[in-house]
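Chains as they are written, first to last, in this note's numbering: chain A, 1051 to 1716; chain B, 2 to 129. Glycine included, each C-beta is placed from N, C-alpha and C at the ideal position. Because the structure is a prediction, the values reported are computed rather than measured.
If you want it as structure tokens, here you go:
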């Protein structure tokens, strides 16, 4: 801080303002009196007739000090220092004259004094004024040039307080007609406006010292008790001096002739008051400081309590969620020892909290080795989600559960325990098993009559049950074809069911597609030719793919039979090559083709085109959906290109099998 | 002219198969469940056994296992009859020692052909 205390807070700026005002008024006062001396305006010099005058040097000193105080309040250090020094010099020079009885010739240096009130040295200010002026000078100097000391501002404060005391004592003397208070011994007394001026100057200096202390430490100055005590003590001393000595001016009686001890009592009392004042101010400061720090501590504590309460609420909420959950939630150590067990777990497994805590979680497992890999994953920080397994209840029942196990980390990020949520899926599993059974049963129940129908029709049609006419044979063949269609529909429906429950099984093995396609071609080529269509095969040697033979036959048969179905005339062809994308099998026809909208919907369930050829051809609309699902299970792609009226091309792309690559083998 | 043991619980299907095989000149012995099949097979070892995979009580596979672990019956060829959608059963059957399989609904001609094929293979190497 390079300034003399005028920064920031309202308090400080008010004080500074007051100090500035005081300085200005004192300077103005001095100026007025100087003007009075120069223009012989006695009223300015002497306020009231018979009153002591303000000496010229004092007035000059006031101008200097006032200006210095103003500049101090305005943070101007150098002017303050210089002016203060000047004032101090004047004052100390006068003091020296008093002390050594010498005459330095400054008293009437500038103006010849023409007002004499029976004083010893004309033109010279009294010792009290001289002392006050010196102290003001020193105080201003110390405000500007701070001594190198932590509480340096005690210096101007003390000095200022003595000055205040001197001025105040003089004013009390004027008020109470105790001349000794404003006039020491036989010397020139302090004029009343001089007393006022010094009080203001002293106050201003103390105020600025206070500001400096406040700016540096943020609280009231520590020297306040001292200053308060000193002020009161000094005033007391002056009054005591005044009361005891009185004025030794000739002809003036001692003030209290009949009560010699009163002044001493007053002194004692006054000094005691000074001490008490100082002490009580200090106490006030200390308690205020304590209160403030208590407040700070209090606030911090409150925030801490609030934070704790919030945290507790959050914990309680979480605990409530765990307690009320339907699922079993348990926490275990990383070795598998059960630590916590919620009511959901009690309900699911049948064990109470007391029965499981501390025991190993494998007591719940159906198979011995269930937990091993799981805990290893947890230790690595992995979360295991929805693993389906079988657990045992207290009464030995097997239940199907879906487990989610998560690692629990502490604040430093180390994995300290594991939390398991077990969801009872016994019902779902039962349903699945029932569904499987149902599908199996339905499949069986549907196929058995179909087998009978097909078989007996065949027996009759082949003449094994007796001679059969051509018409009879033809009719039987129609019946047989229809029963076959029914069989296909049943197969499709069952496949659809498998696809939708995602249980379509493919057993992938390394496979050469060439014989597979040859198979399809030989079976369906006959059908094509019997319809009058040309049938071509164009199959190059192919690298192996990973595939399920019967499923792939299903796919290609479906594509080729579709091609034949929807081609009134022309040809159906199978191409197979290998490219960078894999093995590509294309089934090409010159049939009725598909519109853009139809192409978009082609692989959706039950989609069948609307053209009369399609309707005539029959079919379930499931074949392509199943084909797509099978191709996708092979990690392959199926797409279509078509032009309405010109033909259609289906392309199946399957990835080439690379030995030792991470491809699925069911 | 072979002796064929047919284990099939559905009467009509059994009638159908028996009719065809008899017309082809074979002798058909019918069992209506797995246990009876084993009993009959032990009593009179047949030239060929046709087993339905899905039967109540002992399933076709269990019967197959028992047949193959019987010294006298081990060499008898077995054809499994299974339903589509149970390909795994097919493979299990083949691994279990069946020589062939037919999938319902099947063509009787196909069944008869497979029967002939299985019987041909059975001819012991000493007789030509």
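Residues in its own chain within less than 6 Å of residue 112/B by CB, not counting five upstream and five downstream? So the list reads 103, once near-sequence residues are dropped.
For a quick check, are the C-beta atoms of residue 1447/A and residue 1401/A less than 8 Å apart? Residue 1401/A sits away from residue 1447/A, with the two beta carbons spaced by 8 Å or more.
Count the CB pairs spanning the region 1486–1494 of chain A and the region 1502–1518 of chain A that are closer than 8 Å, and state whether there are at least three. With a cut-off of 8 Å on Cβ pairs, the region 1486–1494 of chain A is not in contact with the region 1502–1518 of chain A, counting fewer than three such pairs.
Residues near residue 1393/A in its chain [Cβ-Cβ closer than 7 Å; skip 5 each side]: Leaving aside the five residues that flank residue 1393/A on each side, the residues in its chain whose CB is nearer than 7 Å to its CB run, in chain order, 1373.
Close-in-space but distant-in-sequence residues of the same chain around residue 1114/A (CB under 6 Å, 5 per side omitted): Close CB contacts of residue 1114/A within its chain, under the 6 Å cut and outside five residues either way in sequence, are with 1133, 1136, 1137 (chain order).
DSSP-derived helix/strand/coil call for residue 1693/A: The answer is strand: DSSP assigns residue 1693/A an E or B state.
Below-8 Å beta-carbon distance, residue 57/B vs any chain A residue: With 8 Å as the cut-off, residue 57/B does not count as an interface residue toward chain A.
Report the residue from 1192/A, 1381/A, 1521/A, 1572/A whose alpha carbon sits nearest the alpha carbon of residue 1209/A. Closest in C-alpha terms to residue 1209/A, from the list 1192/A, 1381/A, 1521/A, 1572/A, comes 1192/A.
Report the residue ranges of all beta strand (DSSP E) runs contained in full by the region 1211–1293 of chain A; include only those spanning at least 3 residues, in chain order. Secondary structure in the region 1211–1293 of chain A: no beta strand (DSSP E) run of 3 residues or longer lies completely within the stretch.
Our contact map puts residue 42/B next to residue 6/B with C-beta atoms below 8 Å; I'd like the distance itself, whole angstroms only. So it is a contact: roughly 6 Å between Cβ atoms.
Below 8 Å CB to CB, which residues in the same chain sit around residue 1540/A once its five sequence neighbours on both sides are set aside? 1493, 1496, 1497, 1500, listed in sequence order.
Between residue 1397/A and chain B, is the shortest Cβ-Cβ distance under 8 Å, so that the two count as touching? Chain B contact via Cβ: absent.
Determine whether the Cβ of residue 1506/A lies closer than 8 Å to any Cβ atom of chain B. Using beta-carbon distances, residue 1506/A counts as an interface residue toward chain B, with a partner under 8 Å.
Pairwise C-alpha distance: residue 1349/A and residue 1289/A: Near 49 Å, if we compare the C-alpha coordinates of residue 1349/A and residue 1289/A.
Any 3 or more C-beta pairs closer than 8 Å across the region 1689–1707 of chain A and the region 1640–1652 of chain A: Touching, yes, given that three or more Cβ pairs across the two stretches are closer than 8 Å.
Are the C-beta of residue 11/B and some C-beta of chain A separated by less than 8 Å? Yes, residue 11/B counts as interfacial toward chain A.
Can you look up residue 1199/A in the DSSP assignment and give me helix, strand or coil? For residue 1199/A, the three-state secondary structure derived from DSSP is coil.
Using a beta-carbon distance below 8 Å, is residue 1494/A in contact with chain B? Chain B, which has a Cβ nearer than 8 Å to the Cβ of residue 1494/A, makes this yes.
Suppose only complete runs of 4+ residues qualify. What are the alpha helix (DSSP H) ranges in the region 1331–1387 of chain A, listed by chain order? Taken in chain order, the whole alpha helix (DSSP H) runs of length 4 or more contained in the region 1331–1387 of chain A number zero.
In chain order, what residues of the region 1519–1545 of chain A put their CB closer than 7 Å to some CB of chain B? If the cut-off is 7 Å between Cβ atoms, the region 1519–1545 of chain A has 1537, 1541, 1544 near chain B.
I need the DSSP call for residue 65/B, collapsed to helix, strand or coil. When DSSP states are grouped into helix, strand and coil, residue 65/B belongs to the helix group.
Just the Cα atoms here: how many angstroms apart are residue 1555/A and residue 1546/A? So the two alpha carbons sit approximately 12 Å from each other.
Looking at C-alpha atoms only, which residue of 1429/A, 1204/A, 1233/A is the closest neighbour of residue 1266/A? For residue 1266/A, the nearest C-alpha among the options comes from 1204/A.
Mind checking which residues open and close the beta strand (DSSP E) that includes residue 1441/A? Per DSSP, residue 1441/A belongs to the beta strand (DSSP E) from 1434–1442.
Distance between residue 1264/A and residue 1228/A (C-alpha atoms, nearest Å): In this model, residue 1228/A and residue 1264/A are separated by some 38 Å (Cα to Cα).
Does residue 76/B come within less than 8 Å of chain A when only Cβ atoms are used? No, because no Cβ of chain A sits closer than 8 Å to the Cβ of residue 76/B.
Give a yes or no on whether 8 Å exceeds the smallest Cβ distance from residue 14/B to chain A. Yes, its Cβ sits closer than 8 Å to a Cβ of chain A.
Given a cut-off of 8 Å on the beta-carbon distance, is the pair residue 1653/A and residue 1674/A in contact? Yes, the pair counts as a contact, with Cβ atoms nearer than the cut-off.
Cβ atoms of residue 1380/A and residue 1428/A: under 8 Å apart, would you say? Remark: C-beta atoms of residue 1428/A and residue 1380/A do not approach each other more closely than 8 Å.
Continuous alpha helix (DSSP H) stretch holding residue 1112/A: start and end: Note, residue 1112/A: alpha helix (DSSP H), 1106–1123.
Flag residue 24/B as yes if its beta-carbon sits less than 8 Å from any beta-carbon of chain A, otherwise no. The C-beta of residue 24/B comes closer than 8 Å to at least one C-beta of chain A.
Below 8 Å between beta carbons is the criterion; list the residues of the region 41–52 of chain B that meet it against any residue of chain A, in chain order. Those would be none; no residue qualifies.
Is it the case that the Cβ atoms of residue 1398/A and residue 1416/A are separated by a distance below 8 Å? No. Outside cutoff.
What are the residues that DSSP puts in a beta bridge with residue 1329/A? Residue 1329/A pairs with nothing; no bridge assigned.
Quick check on residue 15/B: does DSSP put it in helix, strand or coil? Looking at residue 15/B - three-state DSSP - the assignment turns out to be helix.
Which residues does DSSP pair with residue 1391/A in a beta bridge? Under DSSP, residue 1391/A forms a beta bridge with 1380/A.
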